[in-house]
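Engineer: One structure, as structure tokens, below. Some questions next.
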Amino acid sequence: MAEDRQNLEPLRVLVRQAKAMPSLIATDAWRLQMTAALAAARADGVRSEELARFEFMLLD
115 MAEDRQNLEP LRVLVRQAKA MPSLIATDAW RLQMTAALAA ARADGVRSEE LARFEFMLLD
């Protein structure tokens, strides 16, 4: 479980950046970083409700 938290940290950083500057969410660069961080977390075997919330952010 602690490993899951570590694997989710890059996603949390991206979300904090987006909260500080909401226009980031509309940029391709932010979306690509978020997609890469999600893929890395999934590749590490992370399966959590929190990961699903991060994935939902990309649907907007």
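Add 114 to a position in the sequence shown, counting from 1, and you land on the number used in our numbering. By construction, the Cβ of each residue, glycine as well, lies at the ideal position given by its N, Cα and C atoms.
(1) Ordered along the chain, which non-local residues of its own chain (more than five positions away) have a Cβ less than 8 Å from that of I139?
(2) Which same chain residues end up closer than 8 Å to L152 when comparing Cβ atoms and leaving out the 5 residues on each side of it in sequence?
(3) Can you have a look at V94 and say buried or exposed, based on whether 16 or more other CB atoms are within 10 angstroms of its CB?
(4) At what residues does the alpha helix (DSSP H) containing R145 begin and finish?
Structural biologist: A quick look at the data gives this:
(1) Residue numbering aside, residue 139 sits at position 25 when the sequence shown is read from its first letter. Here the set comprises A132, R145, M171 and D174.
(2) Sequence index remark: in the sequence shown, residue 152 carries index 38 (1-based). Taken in chain order, the residues that qualify are L125, L165, F168, E169 and L172.
(3) No statement about residue 94 is possible, as the shown extent of the chain runs from 115 to 174 and does not include it.
(4) Numbered from its first residue, the sequence shown carries residue 145 at position 31. Its alpha helix (DSSP H) spans residues D142 to A157.
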